[in-house]
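Accompanying notes for the structure given below.
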Amino acid sequence: MSQANGIPFVDLVSPHVELEEELVAVVKKALRTAGFIGGPMVEEFEREFAKFCDVPYCVGVNSGTDALRFALMAAGVSPGDSVITVPNTFIATSEAISQAGARPEFVDIDPRTYNLDPFKLLVYLETGCDRDRLSGKLLSRKTGRPITAVVPVHLYGQMAAMDSIRELAERYGLMVIEDACQAHGSEYFSAKENRWRKAGSMGDAAAFSFYPGKNLGACGEGGAVTTHDEQIARKVRMLRDHGQARKYYHDVEGYNGRLDAIQAGMLTVKLRRLSAWNAQRREIAARYNELLGSLRDALTIPYEPNWAKSNYHLYVIRIRKRDELQAYLSAAHVSTGIHYPIPLHLQKAYEYLGYTQGSFPVTEKAASEILSLPMYPQLGQEDQRRVAARAGEFVEATAAPAALGSMSASVG
Ligand SMILES: *Cc1c(COP(=O)(O)O)cnc(C)c1O
79 MSQANGIPFV DLVSPHVELE EELVAVVKKA LRTAGFIGGP MVEEFEREFA
129 KFCDVPYCVG VNSGTDALRF ALMAAGVSPG DSVITVPNTF IATSEAISQA
179 GARPEFVDID PRTYNLDPFK LLVYLETGCD RDRLSGKLLS RKTGRPITAV
229 VPVHLYGQMA AMDSIRELAE RYGLMVIEDA CQAHGSEYFS AKENRWRKAG
279 SMGDAAAFSF YPGKNLGACG EGGAVTTHDE QIARKVRMLR DHGQARKYYH
329 DVEGYNGRLD AIQAGMLTVK LRRLSAWNAQ RREIAARYNE LLGSLRDALT
379 IPYEPNWAKS NYHLYVIRIR KRDELQAYLS AAHVSTGIHY PIPLHLQKAY
429 EYLGYTQGSF PVTEKAASEI LSLPMYPQLG QEDQRRVAAR AGEFVEATAA
479 PAALGSMSAS VG
């Protein structure tokens, strides 16, 4: 993409130009059969994506948000329940919990991985909940509601600590629904099973998003539920299609939440490139680590535990003078992002949950210090060196505060 020497945050044009012929062929095929909803193109993608995730079932739906909502509902989350997730995620995670009729409750993150901290989860289950004597259900002390599920988010493509989370879920009788919306192809080494597992294969069910900016993106909206559980897959298939398994026989009320055939066809084409694209992202991340490693005192590079392989959906650094660095990079025509600037518990939409500033200190501190650098498979080495060089200049300048004023003025 030639953006007159600016470096974009993502490049969604290049991969589509590269694949244009194959993608146009998909549209032609759909036009000539008029099979726009459901049908063989959707089934083919579902088969291929299930294989990619190492699960027997994949059900295509029309967004990651619907995938999460349907997965929660199909797994048995009911109106009146509480579901645990993190405050450091995109709002779709908690929206889906609410849309399934449940109430989100938050547990803070690990400061290094930015994902659900299993120790804090344990503390919450131990001290924030009571076992109901009659029903045996785990009740939230905060709301009196039964806690029935936990939604670990593999944020930025980095895997949540699934062994510990699954062990706690088992001990407390919770379902596990992975929010894998940023984690297509990420992997987790389960010490318990002594093998690598794919994101989306480790819970009762998992949700993926194919929003265009994700590692596997549609040319429009899309999402999928993956699962080992045939019953869950069957229920999601009904929920996405007005509660029917047979036309006009509605066992339950459902939704209009289907994946359309053109998007499925596009996704099948792009899925063939996903592993190579993810490998490129990992190379780019390694190069960033090398280029930025010397700035260690001022700037924290992403932490990848040896039990995880991130797909580097995002490359997120951490620095105290985050806003200043972002402005400096922007003046140097380097685009960056913040994922996410305002933690969910401090959003107006969640005032009613009763959390306040200070409820989740690790998330709050991270939210003021994280910065996502340009990251996409087509990011060239030269551009990457420019990003790192500009960040290096900033760190040097801010280490000697007198120099900063004159430096930012000279950035053109
Ligand atoms: C993108 C995303 C979603 C929602 O996906 P949509 O397809 O946009 O509905 C949910 N959770 C996370 C963590 C996401 O990044």
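Residue numbers for the sequence shown, in this note's numbering: 79 to 490.
Where is the CB? At the ideal position from N, CA and C, for every residue including glycine.
Since this is a predicted model, take the numbers as computed values, not measurements.
Straight-line gap, Ala342 to Val104 (C-alpha atoms, nearest Å): 9 Å
Beta-carbon spacing of Gln236, Thr191 below 8 Å: Contact: yes.
With 16 other Cβ atoms within 10 Å as the buried cut-off, status of Gln260: buried
Span separating the alpha-carbon of Phe87 from that of Val330: 43 Å
Contact check, Val139 vs Phe127, beta carbons under 8 Å: no
Where Arg464 sits in the DSSP three-state scheme: helix
Own chain residues within Cβ distance below 7 Å of Met344, not counting five before or after: Cβ neighbours of Met344 beyond the five flanking positions: Leu101, Val104, Ala296 and Cys297.
Thr171: CB within 7 Å of a non-hydrogen atom of ligand 1: yes
Near ligand 1: Lys348 beta-carbon under 7 Å from a heavy atom: Lys348 Cβ: outside cutoff for every heavy atom of ligand 1.
Assigned secondary structure, Trp385 (DSSP; H/G/I helix, E/B strand, else coil): It is coil, neither helix nor strand.
For Cys207, the nearest candidate out of Arg219, Lys215, Phe197 and Pro196 (CA to CA): Arg219
Distance cut-off 7 Å: Ser218 Cβ against heavy atoms of ligand 1: no
Cβ-heavy atom distance, Ser141 to ligand 1, below 7 Å: It does: the Cβ of Ser141 is within 7 Å (strictly closer) of some heavy atom of ligand 1.
C-alpha distance - Lys427 paired with Asn334, whole-angstrom precision: According to the sequence provided, residue 427 is Ala. The question's Lys does not apply to it. Going from the Cα of Ala427 to the Cα of Asn334 covers about 25 Å.
Collapsed DSSP secondary structure at Ala227 in the structure displayed: The DSSP-derived three-state label of Ala227 is strand.
Gln260: CB within 7 Å of a non-hydrogen atom of ligand 1: Here the distance from the Cβ of Gln260 to the nearest heavy atom of ligand 1 is below 7 Å.
Closest by C-alpha distance to Pro157, when choosing among Thr226, Arg360 and Lys348: Thr226
Local Cβ density within 10 Å of Tyr430, reported as buried at 16 or more and exposed below that: exposed
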